[in-house]
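Just so we're aligned, residue 1 is where the sequence shown starts under the working numbering, counting upward by one. Notes follow the structure.
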Amino acid sequence: MNIVDVGNGPPLVLVPGIQGRWEWMKPAVDALAQRCRVITFSLADERSSGGTFDPSRGFDSYVEQVRDALDQAQIREAAICGVSYGSLIAGAFGARYPERASALVLVSGIPPSWKPDSRVLFYLRSPRVLADLLAGRTRPWLRRRRILRQTRRAVVGWAGPWLLSERWWVAADDRPGLRAHLQVTFDDGRAVLLACTAGGWTCEATYD
1 MNIVDVGNGP
11 PLVLVPGIQG
21 RWEWMKPAVD
31 ALAQRCRVIT
41 FSLADERSSG
51 GTFDPSRGFD
61 SYVEQVRDAL
71 DQAQIREAAI
81 CGVSYGSLIA
91 GAFGARYPER
101 ASALVLVSGI
111 PPSWKPDSRV
121 LFYLRSPRVL
131 ADLLAGRTRP
141 WLRRRRILRQ
151 TRRAVVGWAG
161 PWLLSERWWV
171 AADDRPGLRA
181 HLQVTFDDGR
191 AVLLACTAGG
201 WTCEATYD
């Protein structure tokens, strides 16, 4: 497994969120490395992780990945910090291996009392479509654009537009710029997520 091992001081394992790649947290890694020995990695089902993901074990593969990272770094005990989805992994690791977690830091995690609201339930209606969107796969987007061109429907509502800063973690001069997102619903109950970059609109996802 490919791990990032930087800094000196008390050991800290940093578990990434649902994006999967540790690079999303690089600013935090760099800051923490000034005070701690930071161990981090990409989640096991990311190609760049070099880890092993067992589909039959699912979530447990991520939990065991924390243990593997500690073993690989030759660290017996460390503070385990999980960010967003990573907080679920960190919490599960702490419950399973309490002797190896000197502390738990759960950042932006879901509390036990959490229940999905109407917005979350809407997105859960089309998890496969949204999985493509989160993974950044280009070909499904192109396919959805072709489908959209072939169908004409009446617009009954919309949300947005809202601006997103791409690659916010890099220096401002190196960022590709802002993107505008607009969600549109049609009279047949379907919806699309549109994105505007450099003056052109594309369809990034469809919901049914």
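For glycine and all other residues, C-beta sits at the position ideal for the given N, C-alpha and C.
**Asked** Contact check, Ser84 vs Ile18 under 8 angstroms by CB: the rounded distance?
**Response** Locating residue 84 in the sequence shown gives position 84, counting from the first residue. Locating residue 18 in the sequence shown gives position 18, counting from the first residue. With 8 angstroms as the limit, Ser84 and Ile18 qualify as a contact, their Cβ atoms being about 6 angstroms apart.
**Message:** I'd like to know if Gln34 contacts chain C, where contact means its C-beta is closer than 8 angstroms to some C-beta of that chain.
**Reply:** Considering every chain present, this structure includes no chain C. It has just one protein chain.
**Request:** Taking all protein chains shown into account, decide if Gly94 is buried (16 or more other Cβ within 10 angstroms of its Cβ) or exposed.
**Result:** By one-based count along the sequence shown, residue 94 stands at place 94. Buried is the call here.
**Request:** Look up Arg67 in the DSSP assignment and say whether it is helix, strand or coil.
**Result:** Position 67 of the sequence shown, counting from 1, holds the residue named residue 67. Looking at Arg67 - three-state DSSP - the assignment turns out to be helix.
**Asked** In chain order, what residues of the same chain have a beta carbon less than 7 angstroms from the beta carbon of Leu106, not counting five sequence neighbours either side?
**Response** As a first step, residue 106 must be located in the sequence shown, where it is residue number 106. Gly82, Ser87, Ala90 and Gly91, listed in sequence order.
**Request:** Starting from the N-terminal side, write out each stretch of the beta strand (DSSP E) that is 3 residues or longer and does not extend beyond the segment 1-75.
**Result:** 3-6, 11-15 and 37-41
**Prompt:** In the structure shown, what three-state DSSP assignment does Ser102 receive?
**Reply:** Here residue 102 refers to the residue found at position 102 of the sequence shown. Strand, per DSSP.
**Prompt:** Does the segment 53-64 come close enough to the segment 20-40 that 3 or more CB-CB pairs lie under 8 angstroms?
**Reply:** no
**Item:** Continuous beta strand (DSSP E) stretch holding Ile110: start and end
**Value:** Locating residue 110 in the sequence shown gives position 110, where the first residue counts as 1. From DSSP, Ile110 is part of no beta strand (DSSP E); its letter is neither H nor E.
**Request:** Just grab the DSSP bridge partners of Leu194 for me.
**Result:** Position 194 of the sequence shown, counted from the start, is the residue given in the question as residue 194. The partner list for Leu194 (beta bridge, DSSP) reads Leu182 and Cys203.
**Item:** Selected residue, minimal CA-CA separation from Pro10, among Leu182, Ile75 and Val66
**Value:** By one-based count along the sequence shown, residue 10 stands at place 10. For Pro10, the nearest C-alpha among the options comes from Ile75.
**When Trp24, Val156 and Ala154 are compared against Phe41, the one with the closest alpha-carbon** = Position 41 of the sequence shown, counted from the first residue, corresponds to residue 41. When only C-alpha atoms are compared, the closest one is Trp24.
**Prompt:** On the premise that Ser113 lies in contact with Ala78, defined as a C-beta separation below 8 angstroms, what is that separation, rounded to the nearest angstrom?
**Reply:** Residue mapping note: residue 78 aligns to position 78 of the sequence shown, counting from 1. Residue mapping note: residue 113 aligns to position 113 of the sequence shown, counting from 1. Actually they do not touch by this definition, with Cβ atoms about 28 angstroms apart.
**Asked** Which residues bound the alpha helix (DSSP H) around Ala92?
**Response** Within the sequence shown, numbered from 1, the residue matching residue 92 stands at position 92. It spans Tyr85 to Arg96 - the alpha helix (DSSP H) in which Ala92 sits, taken as one unbroken run.
**Message:** Taking the alpha carbon of Asp208 as the reference point, which residue from Trp201, Ile80, Arg21 and Asp187 has its own alpha carbon closest?
**Reply:** One-based indexing of the sequence shown puts residue 208 at position 208. Of Trp201, Ile80, Arg21 and Asp187, the residue nearest in Cα terms is Asp187.
**Request:** Could you tell me which of Ala28, Leu12 and Ile3 sits nearest to Glu46, measuring between CA atoms?
**Result:** Working through the sequence shown from its first residue, we reach residue 46 at position 46. Ranking the options by Cα distance to Glu46, first place goes to Ile3.
**Message:** Using DSSP's beta-bridge definition, name the partner residues of Val156.
**Reply:** Here residue 156 is taken as the residue at index 156 of the sequence shown, counted from 1. Paired residue(s): none; Val156 is not in a bridge.
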